[in-house]
Structures are given as C-alpha cells and as structure tokens.
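Novice: Numbering of the sequence shown is given in numbering that gives the first Met the number 0, commencing with residue 0 and proceeding in unit increments. Where a beta carbon is used, it is the ideal one built from N, C-alpha and C, also for glycine. Computed from a predicted model, the values in this text were never measured in an experiment.
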Amino acid sequence: MPRVWRSPNSATWVPLPSPTHSHEWLEADMGRPLLSPRVSPSKGRPTNPKVAVIGAGPAGLASLKELRGVGFDVTVYERRSDVGGIFTFDADTSITSATPWTRSQLSKYVCPMTDFPFPNGMSVHVSSKEWSEYYRQYAKHFKLYEHIVFDTTIEVIKRDEIKSKWMVHIKGEIEPQVFDRVVFSSGSETVAMHPKIDDVHKFEGQFLHGQAYKSPADFKDKNIIVLGMGNSACDTACELTEYAAKVYLAHRRGAKILPRANEDGPLDSYVSWKISRMALWTEHHAPGMFQILADGLLQKNSDSHFNGEEAEQNVEWGLEATSGDVTTIICNDHLKRLVHEKRIASVKGVQRVVGPRTVELDNGDIIEDVDAIIACTGYRADFSLLPDLPSTQLDASLPAFPDLYQMIFPPHYADSLACTNYCIINESAAAYRELQAMAIAQVWAGNSVLPSQEAMTVQVNEYQTWLARQMLTFPATMLGKGQMYPWMRWLHDTAGTGLYEYMSWSLKGTWFWLRNRRLYNLVAWGVYSPHVYRLFPTGKRSAWEGASQAIIQVNEDRERAFPKKKGKT
0 MPRVWRSPNS ATWVPLPSPT HSHEWLEADM GRPLLSPRVS PSKGRPTNPK VAVIGAGPAG
60 LASLKELRGV GFDVTVYERR SDVGGIFTFD ADTSITSATP WTRSQLSKYV CPMTDFPFPN
120 GMSVHVSSKE WSEYYRQYAK HFKLYEHIVF DTTIEVIKRD EIKSKWMVHI KGEIEPQVFD
180 RVVFSSGSET VAMHPKIDDV HKFEGQFLHG QAYKSPADFK DKNIIVLGMG NSACDTACEL
240 TEYAAKVYLA HRRGAKILPR ANEDGPLDSY VSWKISRMAL WTEHHAPGMF QILADGLLQK
300 NSDSHFNGEE AEQNVEWGLE ATSGDVTTII CNDHLKRLVH EKRIASVKGV QRVVGPRTVE
360 LDNGDIIEDV DAIIACTGYR ADFSLLPDLP STQLDASLPA FPDLYQMIFP PHYADSLACT
420 NYCIINESAA AYRELQAMAI AQVWAGNSVL PSQEAMTVQV NEYQTWLARQ MLTFPATMLG
480 KGQMYPWMRW LHDTAGTGLY EYMSWSLKGT WFWLRNRRLY NLVAWGVYSP HVYRLFPTGK
540 RSAWEGASQA IIQVNEDRER AFPKKKGKT
C-alpha cells in the first residue's frame with residue numbers, strides 16, 4: 000500500500016508512520032528506483048590523491064560528490080548506520096538527531112540540494128523522516144553509498160609532517176588509515192553546551208541535555224522545565240504539552256517569534272536572491288540601519304500572525320526580544336498560543352536547585368515538584384579530533400576560535416585540510432554546505448586559488464576580532480557566526496556559481512536579461528531556490544542542465560500552492 004503523506008500545510012507534531020523497511024521508498028514518491036543494499040567502499044581504485052571525509056550528513060555527502068567529480072579518491076567515515084546526519088533519528092543519547100516530531104524551519108522551496116529536486120508530495124515544511132529518506136535517495140542517485148564506511152568511530156586525526164599525510168585513527172583498528180587530505184564534516188551540533196546552575200547536584204529528578212531528548216512520550220504526566228529560548232527549546236516545550244502534566248519554558252532572553260508561514264505562504268519564499276543580497280549589503284555596511292529595519296520587519300510579521308492579546312502579552316510573558324537583538328529569531332507556529340492557553344508557563348531562567356525537586360528562578364520564584372529538566376542550551380562544533388588544528392582564544396570568557404580562513408581552511412594546511420562544520424548559517428544550511436564543498440573541490444583541483452598563507456592569516460585575525468566583539472556585545476551570538484556579506488561573495492566566486500556576475504548589470508548579466516527575461520526575473524526576484532547555484536556554466540563547479548526547469552518548477556509549485564490574493568501584487 001502506498002505511504003500516505005501528511006497534508007503539505009500540516010503543522011502537527013504527529014510523526015509520519017515508519018516504513019516497513021528502513022529504505023522503503025516507493026518509486027512513485029520520487030520517480031527514482033528503490034535503494035539497494037549498501038556495500039563497502041570498492042577496492043582497486045585509481046591512485047588519485049586520497050581524501051577522507053568525516054561525516055555522512057549533508058556536508059559530507061556534498062563533499063564526497065564534489066571531490067569525486069574532480070578526480071579525488073574519496074572515503075567517507077560515518078559513526079551512524081546511515082546517511083543524513085542529524086536528520087536521521089538515532090536513539091543514542093550521546094548523538095544529536097532530530098526527533099520524529101521535528102519539522103524544518105524553512106520551506107521545501109528554498110532548501111533542497113542544488114541538483115536533486117524534492118519529489119512531488121513533500122510537505123511544505125519537511126519532516127525529519129522525509130529529510131532522512133531524501134538524503135538516502137540523494138546518496139543512491141549519485142552512487143555515493145559505495146564510498147561510505149558506516150558504524151565507524153574516528154578517535155583522532157593526526158598530521159605526519161615527515162610524510163605530509165593525515166593519519167586517521169579508527170576505533171578498533173591498530174594501524175591508522177593514511178590520507179593525503181581530510182574534509183572535516185562532522186556537523187556543527189555535536190558538543191552539547193550545558194548551563195551553569197548552582198547546586199545542580201541536589202536535583203534528584205532527571206536532568207538531561209536536549210541532545211538526549213528523543214520523544215515527548217518519555218515524559219508522560221511529568222512536570223518538566225525546558226531551559227533555553229532557541230528553536231529546539233521552543234519545539235521541545237510545544238511537543239511536551241501533548242504528554243507532560245506541566246511544562247515550563249525557562250529563559251533569560253526573549254526572541255522574535257515568527258510563524259513559518261502566513262496566509263500568503265511560507266515567509267522564506269518571499270526572500271529572493273536580490274532581496275537577500277541587499278539585506279546582506281545593508282547588514283555589512285550600515286549595521287545600525289539594518290537592525291532598525293530588521294527589527295521592524297520581524298515585529299510586523301510576528302504581530303500579524305498572532306492575535307492582538309497575544310502580541311500585547313509578549314512583554315508580560317518575557318518572550319519579547321531586546322531591541323536590536325536580531326540574532327534571536329524563532330520560527331514556531333504554536334508557542335504563543337500555548338503560552339496564552341497556559342499549557343506552557345514562560346518563566347525566568349533557573350538560578351539554583353534548592354531541594355530534591357525544587358528550583359529557584361532568577362527572579363526568586365520557586366517551582367516545586369519538578370520531575371525533569373531538559374537543557375536545550377545549544378551546541379558547538381567539535382574539533383577535538385583535530386589536535387593539529389590551531390586555535391586562538393581572545394578573551395577568557397570566550398571559547399577558543401579555530402584558525403580557519405573563510406571559516407574553512409587552516410592557513411598552514413589549506414592544501415590538505417578543510418572544515419565544513421564551523422560556520423553557522425541562517426539560510427538553507429545544507430545548500431551552503433554544498434557550496435562549501437564546491438569551493439573546497441575547486442581549490443584543491445586548482446581551478447580557484449587561495450591567497451598566501453600570510454594573507455589568509457590576516458583574514459582569520461580580522462574575523463576572529465569581529466566575532467569576539469559580537470559575542471561580548473550580544474551573548475546570544477553563536478560561535479561560528481559569519482560575516483555573511485563578504486563570505487558569501489568569496490564562497491560563490493570560489494565555487495564558481497556565476498550568480499554575482501549574471502545577476503549584475505555586467506555584460507554577462509545584461510545578456511542573460513535580454514536573452515531569457517522570464518528566467519532572469521525568477522532567479523533575481525522569485526523563490527530563492529538552491530537550484531540557481533547550478534544554473535550557469537563557468538568552468539568551475541559543474542552546472543546542471545536541469546537547473547532552469549527546476550527553478551521554474553519551484554516557482555510554479557509555490558504559486559499553485561499559495562496563489563496570490565486578488566488586489567495583491
């Protein structure tokens with residue numbers, strides 16, 4: 000019997016039914032064949048430079064595909080049993096993974112891989128189960144499985160300076176595997192960050208990080224405190240209301256809380272290439288003006304979705320963000336309603352534990368009979384497997400920053416080591432990990448050239464100084480937050496997408512506008528689909544002949560699902 004998909008507009012938390020077999024996916028769902036059993040990496044490969052890719056999430060898969068495309072002999076190591084990274088559920092409480100209740104913050108129109116469109120029937124906001132199967136199909140379609148070693152734990156990666164090789168030490172193996180180059184794609188959400196709570200050892204209930212949270216059903220009829228004010232904390236609190244007796248959301252800051260969509264469709268589908276470039280330019284060159292404009296726009300979208308009473312109660316609930324704190328943006332369709340209905344109690348942060356099941360909040364309030372505390376307090380990338388990667392600590396209150404040129408290449412090892420797990424991206428993360436993979440492949444293939452080691456070090460120092468200032472001024476700033484305007488330009492130029500040239504009034508841009516006005520307008524002002532990254536042949540990353548049709552299809556699908564109302568333009 001064919002699988003039954005949820006309504007594309009569904010925003011419930013009921014997980015999709017699991018298929019009978021982990022790889023079951025009907026041909027009608029994707030228009031592609033079923034998966035065959037995975038095999039071990041093939042032997043007898045050509046003696047091209049050997050590259051180890053660590054991780055088989057979106058970044059690792061993209062790195063494998065791009066590096067193979069320019070002739071490298073690539074092996075991927077993945078500690079899980081399948082591809083997909085955090086989108087593939089894992090019951091191991093030490094591994095970060097989405098739950099069956101998780102839905103994408105971004106719509107399907109703006110987050111597929113660049114040359115692999117979503118199938119018909121995919122939910123507008125993709126579920127974790129759909130994501131997981133999508134990446135399986137991606138790996139199958141591009142014949143990536145045969146180059147991946149699953150259920151493998153990397154213990155450490157060391158540099159042999161005499162041999163100019165990287166030694167990859169694998170758990171359970173005596174001798175290391177030897178590689179010419181390494182791409183570190185282990186994910187940006189690997190190390191759980193725990194909050195500081197006085198006398199936490201006195202708590203006799205269950206205390207866990209959000210990394211260990213796998214199902215709201217585990218907390219049936221319990222009183223739960225969720226710590227944090229990020230997307231994970233808010234999603235977790237909302238999910239728990241269907242099972243827990245009482246849910247508290249404890250936080251020390253507010254946020255701009257936005258719906259995923261309004262009556263006109265997903266909010267992200269209105270942010271075109273041109274609009275996003277103008278926003279990045281303004282943020283970089285006029286940050287004060289950008290904050291004012293962003294605050295106003297975000298507040299307008301937030302207030303328009305929620306009723307007047309809910310909007311007015313933001314301050315009372317402590318949900319309202321501090322003016323200018325545009326880094327704290329939450330996409331959640333239910334939080335304000337559930338707080339308004341008193342199914343979630345929005346409270347101050349937890350200061351200390353004062354009894355076996357009693358805590359004191361920052362404002363002195365006491366909460367008793369607490370059964371569990373779930374700390375959804377964030378993650379950081381883990382570079383502990385790379386002891387030879389240099390880092391810099393600019394302030395005692397800040398973590399060490401990895402020394403990475405353009406957040407990818409360590410200047411001293413730029414010809415043999417690259418990291419795709421550092422930069423925090425507010426747009427479609429998977430698509431930008433794919434752009435990073437394109438850039439790495441083009442640099443190592445010799446089609447794009449990096450500056451001198453000295454020049455790269457200057458860029459690293461300037462970025463780290465900027466990031467330290469941001470983190471000290473706005474504590475919510477995440478490690479790895481990028482300077483998006485210059486970084487995006489460098490990334491596109493290095494990967495070779497051609498977008499900045501063809502979307503400008505250069506000779507190439509003018510000719511594109513004259514030759515294909517409709518496609519130009521869709522790329523410039525339509526849905527910002529990642530398929531645009533494969534549109535233009537530039538001699539660097541490979542173009543995709545299906546990109547034009549995919550761009551048109553995405554825009555038509557969006558218009559069909561959310562037609563413009565009469566009187567609106």
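Under 8 Å Cβ to Cβ from Lys273, same chain only, skipping five residues before and after it: list those, please.
Specialist: Once the five neighbours on either side are set aside, the close Cβ partners of Lys273 are Met502, Ala523 and Trp524.
Novice: Please give the ranges of any beta strand (DSSP E) in the region 234-276, keeping only runs that are unbroken, at least 3 residues long and fully inside the region.
Specialist: Entirely contained in the region 234-276, the beta strand (DSSP E) runs reaching 3 residues are, in chain order, 245-250 and 255-257.
Novice: Since Glu74 sits in a beta bridge, which residues does DSSP pair it with?
Specialist: The residue asked about is misnamed: residue 74 is Thr in this sequence, not Glu. In DSSP, Thr74 forms a bridge with Ala51.
Novice: Terminal residues of the continuous alpha helix (DSSP H) containing Asp159?
Specialist: No alpha helix (DSSP H) holds Asp159; the beta strand (DSSP E) holding it covers Ile153 to Asp159.
Novice: Within 10 angstroms of the Cβ of Pro32, are there 16 or more other Cβ atoms? Answer buried if so, exposed if not.
Specialist: Per-residue confidence for Pro32 stands at a pLDDT of 36, beneath the threshold of 50, marking its modelled position as unreliable; the derived number appears in the next sentence. Label assigned to Pro32: exposed.
Novice: Within 10 Å of its beta-carbon, does Asp368 have 16 or more other beta-carbons around it, so buried, or fewer, so exposed?
Specialist: With fewer than 16 Cβ atoms within 10 Å of its Cβ, Asp368 is classed as exposed.
Novice: Identify, in the order they occur along the chain, each residue of the same chain with its Cβ nearer than 7 Å to the Cβ of Leu385, setting aside the five sequence neighbours on each side.
Specialist: So the list reads Ile156 and Phe183, once near-sequence residues are dropped.
Novice: To the nearest angstrom, how far is it from the Cα of Pro450 to the Cα of Asp414?
Specialist: If I take the Cα positions, the gap works out to 12 Å.
Novice: Taking all protein chains shown into account, do 16 or more other C-beta atoms lie within 10 angstroms of the C-beta of Pro248, making it buried, or fewer, making it exposed?
Specialist: First, the residue type needs correcting, since residue 248 is Leu and not Pro in the sequence shown. The residue is buried, with at least 16 neighbouring Cβ atoms inside 10 Å.
Novice: Taking 7 Å as the limit between beta carbons, can you name the residues of its chain near Cys375, skipping five residues before and five after?
Specialist: Excluding residues within five positions, the ones whose Cβ falls inside 7 Å are Gly209, Val225, Leu226, Gly227, Gly229, Ser231, Ala232 and Thr235.
Novice: Evaluate Arg517 with the Cβ neighbour count: other Cβ atoms within 10 Å of its Cβ, from every protein chain shown; 16 or more gives buried, anything less gives exposed.
Specialist: Looking at its Cβ environment, which holds fewer than 16 other Cβ atoms inside 10 Å, Arg517 is exposed.
Novice: For Tyr431, collect the residues of the same chain with a Cβ closer than 8 Å to its Cβ; drop the 5 residues on either side in sequence, then sort them by chain order.
Specialist: If we look at Tyr431 and ignore the five residues flanking it on each side, its Cβ neighbours are Cys422, Ile424 and Leu490.
Novice: Helix, strand or coil: which one does DSSP assign to Ala413?
Specialist: Here Ala413 sits in coil by DSSP.
Novice: Does the structure place the region 132-146 close enough to the region 63-76 that three or more beta carbon pairs sit under 8 Å?
Specialist: The answer is yes - the region 132-146 touches the region 63-76, with three or more Cβ pairs under 8 Å.
Novice: Along the alpha helix (DSSP H) that carries Gly68, what are the first and last residues, could you check?
Specialist: Segment Pro57 to Gly68, the alpha helix (DSSP H) holding Gly68.
Novice: What ranges does the alpha helix (DSSP H) occupy inside the region 315-356, keeping only unbroken runs of at least 4 residues that lie completely in it?
Specialist: List check, alpha helix (DSSP H) in window: 334-339.
Novice: How would you label Lys480, buried or exposed, when you count the other beta carbons within 10 angstroms and need 16 or more for buried?
Specialist: It is buried - the Cβ of Lys480 has at least 16 other Cβ atoms within 10 Å.
Novice: Relative to the ligand SAH, is the shortest distance from any of its heavy atoms to the C-beta of Arg557 smaller than 8 Å?
Specialist: The model depicted lacks the ligand SAH and carries no ligand whatsoever.
Novice: Would you mind working out which of Arg468, Phe382, Tyr404 and Asp361 sits nearest Val459, comparing C-alpha positions?
Specialist: Cα-wise, what sits closest to Val459 is Tyr404.
Novice: The beta strand (DSSP E) with Asn222 in it runs from where to where?
Specialist: It spans Asn222 to Leu226 - the beta strand (DSSP E) in which Asn222 sits, taken as one unbroken run.
Novice: Cα separation between Asn420 and Pro398?
Specialist: So the alpha carbons of these two residues sit roughly 16 Å apart.
Novice: Buried or exposed, going by whether 16 or more other CB atoms sit within 10 Å of the CB of Ile365?
Specialist: Exposed: under 16 other Cβ atoms inside 10 Å.
Novice: Is Val177 helix, strand or coil when you go by DSSP?
Specialist: If DSSP states are grouped into helix, strand and coil, Val177 belongs with the strands.
Novice: For Met455, which of Pro410, Leu466 and Met166 has the nearest alpha-carbon?
Specialist: Closest by alpha carbon: Pro410.
Novice: In this structure, does DSSP put Lys170 in helix, strand or coil?
Specialist: If DSSP states are grouped into helix, strand and coil, Lys170 belongs with coil.
Novice: Measuring CA to CA, which of Gly171, Phe206, Thr537 and Tyr269 is closest to Lys507?
Specialist: The candidate whose alpha carbon is nearest that of Lys507 is Thr537.
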